[in-house]
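Letter 54 of the sequence shown, counting from 1, is numbered 141 in my numbering, and no numbers are missing.
A short worksheet on the structure shown next.
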Amino acid sequence: MDGTLHQLYQVVQERRGMPQEGSYTCYLFDKGLDKILKKVGEECAETIIAAKNNVLPDTVGEISDLIYHLMVMMVELDIPLSDVLGELERRSQKIGNLKQMKQVDKES
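Right under this line is the structure:
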């Protein structure tokens, strides 16, 4: 999967650097950050609804849409995929404190 994420990120970067007519990715870059962020929000909400409805194929599709739009946002903001993957790796090594996690849940 890691290779798939790298491949997707690379395609999104290429669309930003070499726009292609008719490309949805290029359309998003042309419209700018506000449009990209709007799409991230919409896809996030659609993911939540699909999960709440417990429709797994729809949930998988919406998660995929959300990841794609997050990638577009990352490229627009010049956030390298390696930074995000590195942060996830760092977090995976951390052993959480249940008491602290419960406090965070109360605050959010």
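Heads up, the beta-carbon is just placed ideally off N, CA and C, and yes, glycines get one too.
If you're wondering where the values come from, they're calculated on a predicted model, not measured in any experiment.
Sequence-distant residues of the same chain with beta carbon closer than 6 Å to histidine 93, five excluded per side: For the purposes of this step, residue 93 is taken as residue 6 along the sequence shown, with counting starting at 1. There are no such residues.
Would you mind stating whether glutamate 219 and glutamate 130 have Cβ atoms separated by less than 8 Å? No answer is possible for residue 219: it lies beyond the span of the chain, which begins at 88 and ends at 195.
What residue range does the alpha helix (DSSP H) around lysine 181 cover? In the sequence shown, counting from the first residue as 1, residue 181 sits at position 94. No alpha helix (DSSP H) holds lysine 181; DSSP gives it neither H nor E.
To which residues of the same chain is arginine 102 closer than 8 Å at the C-beta, ignoring the five residues directly before and after it? Stepping through the sequence shown from its first residue, residue 102 is reached at position 15. Counting only Cβ-Cβ distances below 8 Å, and skipping sequence neighbours, we find Ser110, Thr112, Cys113 and Phe116.
Going by beta-carbon coordinates alone, are methionine 158 and leucine 95 separated by less than 8 Å? Reading the sequence shown from its first residue, position 71 is the one you call residue 158. Reading the sequence shown from its first residue, position 8 is the one you call residue 95. It is a contact, given that the beta carbons lie within the stated cut-off.
Count the other C-beta atoms from every protein chain shown that fall within 10 angstroms of the C-beta of threonine 134, then say buried if there are 16 or more, exposed otherwise. Numbered from its first residue, the sequence shown carries residue 134 at position 47. Buried is the call here.
Nearest CA to the CA of proline 167: which residue from Lys118, Val142 and Gln97? The residue given as residue 167 occupies position 80 in the sequence shown. Of Lys118, Val142 and Gln97, the residue nearest in Cα terms is Gln97.
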